[in-house]
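Below is one structure; the comments refer to it alone.
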Amino acid sequence: MRSIKSSGSCCKKLCLSQIGRHRSSGYDVCDGTHCQVYRGYNEGYDKVIKAVEETRGVILVYGNSLVNTYYSASNGGYTESSENAWGGRVDYLKSFKDDIDNDSWPYGDRKLTKSEIDMILKSKGYLSLNQSLTDIKISGTFTSGRVKEITIKYIDVDNVEKEKKFSVNDNVRSFFAVTSKNQDIKTKYPEFFNLFNNSVLFSANFPLLAGKQVNTELKDVYTGFPSALFTFTYDDKTSTYTFSGKGYGHGIGMSQKGAKYRAERGASFEDILKFYYVGTSLKQLNTYVKTFSLTNSYALVGDSIGTNISIVGDSNRLLYKYIVEKSGEKVFTGEYTNSSAFSFSPTSTGEYSINLYVKDIASNREYDDLKTSKLSVYIPPKINKVTVNQESQYAGKAVVINTGVSGGSSKGIDYKYEVILNDKVLYTTGYISNSQFTYTPAFEGDYTVNVYIKDRANNKDFDDFNSASFSAKIFVDTSRGGTSGSYINKKLVLKRTLKKGLTGEDVKYLQQALLDLGYNIGTSKPTGLFGNGTHNAVVSFQKKNKLPSYGIVASATVDAINKSLSAKYKAPQSPSRGQLLAALRLTYKRTLISGSKGEDVKKLQNALKFLKYSVDVTGVYDKKTYNAVMTFQKKYKIMATGKLDLTTVNKINSLLK
């Protein structure tokens, strides 16, 4: 029954996919091999009728498209891709091994003499009447073993041996078949082409058939081979080729024999279809279940997962069955009951499919509707270790905390960091995605960093917790004596970390730098006391420069102060030549003459001066300016008027590029 269901489903889907092929003739599909073979209704086929009824409304789809369910009687142990056989690639019609279907050709081997093949090739026009066959060979095969190319060797009219290659693909099945295309051959050997019109054949040209009854077996020889999956041998004594092969048909898609053998071994019709049509799925056109979901799409090992279902119509008429698969393997198979309730507790990690089968209580089908929900099962994340790059650190120097984690779902893990000093929380990050955290301590003391991790797949406050410790102290550089530091040429140098309450020359240097940057330290001049005013100024500076704003001055703050001082007191750079020339170029707004005044006159005088003419930059078009313009116009063969016109402006600008 299962193999009949799969075959019936293929026939139905293939027929659906052929709709419209004969639209121009007034109908959709024909009842031959061109579309879908149909021999009429026969009430004696009870199993077939039952299989059709039980799969009513079920279609096979690839993505959202209906599958072209091509099939053949047998694939001989290896399916063929549509691309190899017919030239068009279809993703779900692939070439792969099918060890369960390994049947040889029906009626055994096929035999043809060299003279018979010679006549067949001439009948097809592959050889002319004045050419004679000497040999044939298979010169190319596909991965499946099916013949891809055949080479024929022959003697031409000049007694020279030549060869022809034929890319046959699936047409190899009819390559050696009888045809009456060549009228000369038909006239010369009429008995050969009357093969199927006579019950007994006597022919000297075709000794294998001489005196033999024409039956189905002999017809198969001359109407083509059962499949393209074959090899052959040659007998010199009898000049006979013996062709041995496997399979029956093109081998694309489902094998009917393979489906039968798989069903006998317990495969469902759905399993059979999914095996032969890669990446496809069944879809129920009749809908009973409106929505189907799990209480959580992510779960820990051992969690209990329930379902949420909404039904279309009368739920009291429905039966429910659940099948759970993990990575394609069934791990739970239920029976049909009148309850839609279901719970499942996974025992191992992985990707699961929860399949809900629904059918009407009066239905004879395997199911009337099918819905699937996905479940990811994971081990809860665990912190393996929290490390600090420096367990003993100076205040003002960055500390890097790294968190090593194992487990967790595919959605990822978030981290929260909490910095504590003297039982007081100084800083917390909230949950972030980074397993590394950098913190700059501002005070002396022993610090604790608490790390919390939380899987994004659940709603817990946290999944695991761990901590690490480090200490920080104030740095004092006494290598060059004292703690004075310096402030020379607007550059601050400190030899210790400064904070509120300290005094000294280095505090004065800090205060002067802050004053130079425009910060209010509470006094107009440096005092040498790190009081509230200096503390507030430092905090303001740190906030503006996005530093930890604790009012403590360590290396990071000193570097930022020096960067700000450098930017404020940076010596102006001389403009480049390009910038200078661009600034000198003139814009024509009016004709300038003797007595003209204005900024445009000044700009002209600057340009003339740059071009080495003797003028004063006064903004007044005086005698010197007039003479300079006259000299310029004469030099560059412009009408010498002493006036600045558009032609003169353009020439001046051309020299300022």
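Per the working numbering, the sequence shown runs over residues 811 to 1467. Glycine is no exception: its CB is placed at the ideal position from the N, C-alpha and C atoms.
Asked	Found
Ordered along the chain, which non-local residues of its own chain (more than five positions away) have a Cβ less than 7 Å from that of asparagine 1200?	The amino acid at residue 1200 is misidentified as asparagine; the sequence shows glutamine. If we look at glutamine 1200 and ignore the five residues flanking it on each side, its Cβ neighbours are Val1209, Phe1280.
Pull up the DSSP beta-bridge partners for methionine 1440, would you.	Looking at the DSSP assignment, methionine 1440 forms no beta bridge with any residue, so it has no partner.
Quick check: what's the CA-CA separation for glycine 1123 versus isoleucine 1164?	23 Å
For tyrosine 1087, which of His1060, Gly1034, Phe1040, Asp901 has the nearest alpha-carbon?	Asp901
What do you reckon, are the CB atoms on valine 877 and threonine 1090 nearer than 8 Å?	yes
Can you tell me which of Lys1283, Phe1253, Tyr1241, Pro1251 puts its alpha carbon nearest to the alpha carbon of lysine 1270?	Tyr1241
Between tyrosine 964 and the rest of its own chain, which residues show a CB-CB distance below 8 Å, the 5 nearest in sequence each way excluded?	Leu937, Gln941, Ser942, Leu943, Thr944, Glu971, Lys972, Glu973, Lys974
So, at 6 Å on beta carbons, what are the nonlocal neighbours of lysine 1461 in its own chain, with the 5 sequence-adjacent residues on each side left out?	Tyr1446
Please identify the residue among Tyr1058, Glu1315, Pro1251 whose C-alpha is closest to the C-alpha of serine 984.	Tyr1058
Whole angstroms is fine: what's the gap from alanine 1450's alpha carbon to asparagine 1437's?	10 Å
Among the residues of its own chain, which have a CB less than 8 Å from the CB of threonine 1105, if the five just before and after it don't count?	Ile1115, Gly1116, Thr1117, Asn1118
What is the rounded straight-line gap between the Cα of lysine 1467 and the Cα of asparagine 1372?	39 Å
Could you tell me which of Ser1158, Gly918, Asp1046, Ile1230 sits nearest to serine 1137, measuring between CA atoms?	Ser1158
Given lysine 1353, which residues of its chain have a CB within under 6 Å of its CB, disregarding the five upstream and five downstream residues?	Ser1359
Ends of the beta strand (DSSP E) at serine 1296?	1296–1298
When burial is assigned at 16 or more other CB atoms within 10 Å of the CB, is aspartate 966 buried or exposed?	exposed
Glycine 1338 and glycine 1314: beta carbons closer than 8 Å?	yes
Given a cut-off of 8 Å, decide if glutamate 890 and isoleucine 1171 are closer than it, judged by their beta-carbon atoms.	no
Report all residues from its chain with a CB closer than 6 Å to the CB of alanine 1267; omit the five preceding and five following residues, and keep chain order.	Tyr1108, Ser1219, Lys1221
Considering only the alpha carbon of each residue, which of Leu1129, Asn912, Glu1176, Thr923 lies closest to valine 868?	Glu1176
Go to leucine 1325, then tell me how far its alpha helix (DSSP H) extends in each direction, as first and last residue.	1315–1326
Would you kindly report the start and end of the unbroken alpha helix (DSSP H) that includes arginine 920?	Here arginine 920 belongs to no alpha helix (DSSP H); instead the beta strand (DSSP E) covers 920–923.
Leaving out the 5 sequence neighbours to the left and right, which residues in its chain are closer than 6 Å to serine 1404 when beta-carbon positions are compared?	Tyr1431, Tyr1436
Figure out for me which residue from Ala1323, Lys1335, Arg920, Met929 has the closest Cα to the Cα of phenylalanine 1351.	Ala1323
Taking contact to mean 3 or more Cβ pairs, one atom from each stretch, closer than 8 Å, check whether the stretch 1392–1399 and the stretch 1361–1371 are in contact.	no
When burial is assigned at 16 or more other CB atoms within 10 Å of the CB, is arginine 899 buried or exposed?	exposed
Quick one: using the 10 Å Cβ neighbour count with 16 as the cut-off for buried, is serine 875 buried or exposed?	exposed
Excluding sequence positions up to five away, which residues of its chain have a Cβ less than 6 Å from the Cβ of serine 1153?	Ser1114, Gly1116
Ignore the nearest five residues each way along the sequence and tell me which others in glycine 1343's own chain have a CB closer than 8 Å to its CB.	Asn1330, Ile1331, Gly1332, Thr1333
The beta strand (DSSP E) with glutamate 1135 in it runs from where to where?	1128–1136
Taking the continuous beta strand (DSSP E) assigned at lysine 1354, which residues delimit it?	It is not in any beta strand (DSSP E) - lysine 1354 instead sits in the alpha helix (DSSP H) that spans 1342–1354.
Would you mind sorting tyrosine 1227 into buried or exposed? The rule is 16 or more other CB atoms within 10 Å of its CB.	buried
Is arginine 956 buried or exposed, if buried means 16 or more other CB atoms sit within 10 Å of its CB?	buried
Using C-beta distances below 8 Å, list every residue in its chain close to threonine 1048, excluding the 5 sequence neighbours before and after it, in chain order.	Thr923
With DSSP as the reference, label asparagine 1015 as helix, strand or coil.	With a pLDDT of only 37 at asparagine 1015, under the threshold of 50, the placement of this residue in the model should not be trusted, and no figure is reported.
According to DSSP, simplified to helix, strand and coil, what is aspartate 1432?	coil
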